[in-house]
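Visitor:
Residue numbers (full-length UniProt numbering): 1 to 95.
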């Protein structure tokens, strides 16, 4: 193996042979449950950041020169940013 990586003694890697090392288990499930809850909260935060701040129904796919964004349906109807109240001079559609 190149770059200082280690391989098994027979010359094959664990991953290529299909042997994936088992994840280290916690002594109790409380740490695992806390980790799952933390990840669920992070996922919820990301979903909220990507949703339109006006209608909360559609994904943000339009941004303004101030850097804030909305969905196209809401963005086409407004003349100032709902976050910073800066006048909307240009709209940039994201794909």
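No residue lacks a Cβ here, since even glycine has one placed at the ideal position from N, Cα and C.
Give the range of the beta strand (DSSP E) segment to which residue 93 is assigned.
Guide: Stepping through the chain shown from its first residue, residue 93 is reached at position 93. Counting along the chain, the beta strand (DSSP E) containing residue 93 begins and ends at 91–93.
Visitor: Between the segment 72–89 and the segment 46–63, do three or more beta carbon pairs fall short of 8 Å?
Guide: The segment 72–89 vs the segment 46–63: in contact.
Visitor: Give the secondary structure of residue 78 by DSSP, where H, G and I count as helix, E and B as strand, and everything else as coil.
Guide: Here residue 78 refers to the residue found at position 78 of the chain shown. In this structure, residue 78 counts as coil in the three-state DSSP scheme.
Visitor: On the CB-based measure, 16 or more other CB atoms within 10 Å of its CB, does residue 52 come out buried or exposed?
Guide: In the chain shown, the residue the question calls residue 52 occupies position 52. With 16 or more other Cβ atoms within 10 Å, it is buried.
Visitor: Which residue marks the beginning of the beta strand (DSSP E) containing residue 62, and which one marks its end?
Guide: Position 62 of the chain shown, counting from 1, holds the residue named residue 62. Run containing residue 62: 62–64, per the beta strand (DSSP E) assignment.
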